[in-house]
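Reading through the structure tokens given below for one structure.
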Amino acid sequence: MPLLENVKGKKTSSKTIATAMKMGKVLGKVTVLAGNGFGFIGNRMFEPYTQEAILLLEDGVSPQRIDSVLGPENYGMAMGPLRVLDLAGNDIGYRIRQEDYYLYKPKIVKGRRGETWTKLADELYN
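Given below as structure tokens:
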């Protein structure tokens with residue numbers, strides 16, 4: 010996999026970041042600097058992709074068709090999204106979703122005009 014996410018913590022020095030980014034390039038990786046957040050970058054981008062694949066499956070599209078259309082030939086991925094889910098294990102996905110809810114409990118957010126919103130996960134309004 011060409012992507013290398015270098016994660017910056019609160020106490021990570023500029024020198025450490027520079028060294029990690031340089032090492033990634035030496036290894037032939039595409040290096041990106043990420044903050045310490047749930048799923049970092051790759052998984053946060055990959056999750057909606059797999060969710061759409063699951064919705065297609067629920068709509069009656071065969072797993073083989075989904076993986077052939079959303080897989081290597083059309084999207085440049087090593088394998089289709091359902092094959093990835095099978096390889097990772099659906100039990101792992103379930104645990105991640107449980108942790109996701111725990112990490113992103115409802116939060117109160119103030120709007121620009123002073124209105125109060127409840128924020129949950131990636132939803133803006135409840």
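So this note's numbering is basically just the index in the sequence shown, starting at one, shifted up by 9.
Backbone N, C-alpha and C define an ideal beta-carbon position, used for all residues, glycine too.
Considering only the beta carbon of each residue, do V39 and P72 sit closer than 8 Å? no
Going by C-alpha to C-alpha distance, which of G80, R53, K17, G85 sits closest to I105? R53
Measuring straight from C-alpha to C-alpha, what distance separates P57 and Y103? 15 Å
Beta-carbon gap between L66 and L91 smaller than 8 Å: In this structure, the beta-carbon distance from L66 to L91 falls below 8 Å.
In chain order, which continuous runs of the beta strand (DSSP E) of length 3 or greater are located wholly inside the stretch 39 to 103? 39 to 44
So for K20, helix, strand or coil by DSSP? coil
Residue nearest to T25 in terms of C-alpha spacing, selected from V93, N83, L42: Minimum Cα distance to T25 is reached at L42.
Among G98, K17, E61, which has the Cα closest to the Cα of G80? If we check each option's Cα against that of G80, E61 comes out closest.
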